Each structure stands twice: as C-alpha cells, then as structure tokens.
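Just so we're aligned, residue 107 is where the sequence shown starts under this note's numbering, counting upward by one.
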Amino acid sequence: MKAKSFKHAFVDSIPSTLQEGIIYVSLKHKIAAHLCACGCGHRIDTPLDPEEWKLTYDGETISLWPSIGNWDLPCRSHYFITNNKAIPVVRKHNKWLLF
Ligand SMILES: [Zn+2]
C-alpha cells in the first residue's frame, strides 16, 4: 500500500455516497468520513471527539489523530491521515514502521 493523497471537503452533512479519495468533514455533526485508503471501498467513519479522533486543519490540508486501524475489515489496513495523505503503517519484526 502506497501513500495515497486525499482531498478534503467541508460539508454540512456527510453524503450517503462517498467519492474515492475525498475526506468529508462535517463540523456540524462532528464527524469525518472517507473510503478506506486501500481502495477496498469500505466507508470509514471517524467521529471527532476528544475520546475518538482529533482533526487538525492547517489552512490547506487536514490530519487525523490517532491512526485509522481497520481491523474489522477484510483488508485490515492501518494508516495515518497526515496532511491529506494516507501513510500506511506496516508491522515488521514486531516494530511498527512508518513509510
Ligand atoms: Zn480497505
């Protein structure tokens, strides 16, 4: 899985059909949503909440913290969304690597 670029869209409500490669952010509903960065097409909802995800917007790009771990999906992808890029996390020799 390579780093994949996203665009972001600030919306009132998250649309029911998401477009690949866009992170939708609804401040009104305190949620962000995107389609899994691996390309499997699963929708990932990330509630914005001190106990869940934190969204950072630097005026040009957004970042989400902590990482997105899709353990429940068949793809089991795990990545950070940093500055509109999905950066995969790969586990090797019991160490978590970022690249
Ligand atoms: Zn996936």
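Beta carbons: idealized from backbone N, C-alpha and C, even for Gly.
Since the structure is predicted, the reported quantities are computational estimates derived from the model, not experimental observations.
Cβ-heavy atom distance, H135 to ligand 1, below 7 Å: As a first step, residue 135 must be located in the sequence shown, where it is residue number 29. It does not: the Cβ of H135 is nowhere closer than 7 Å to a heavy atom of ligand 1.
Three-way DSSP call (helix, strand, coil) for W171 in this model: Looking up residue 171 in the sequence shown gives position 65. Looking at W171 - three-state DSSP - the assignment turns out to be strand.
Sub-8 Å separation of K160 and F112 beta-carbons: For the purposes of this step, residue 160 is taken as the residue at position 54 of the sequence shown. For the purposes of this step, residue 112 is taken as the residue at position 6 of the sequence shown. Contact flag unset, no.
Nearest neighbour of I137, chosen from L154, A143 and I128 [CA to CA]: Counting from one through the sequence shown, the residue named residue 137 turns up at place 31. Nearest option by C-alpha distance: L154.
Contact test: L124 Cβ vs ligand 1 heavy atom, cutoff 7 Å: On the sequence shown, position 18 is the one that residue 124 refers to. Every heavy atom of ligand 1 is 7 Å or more from the Cβ of L124, so no.
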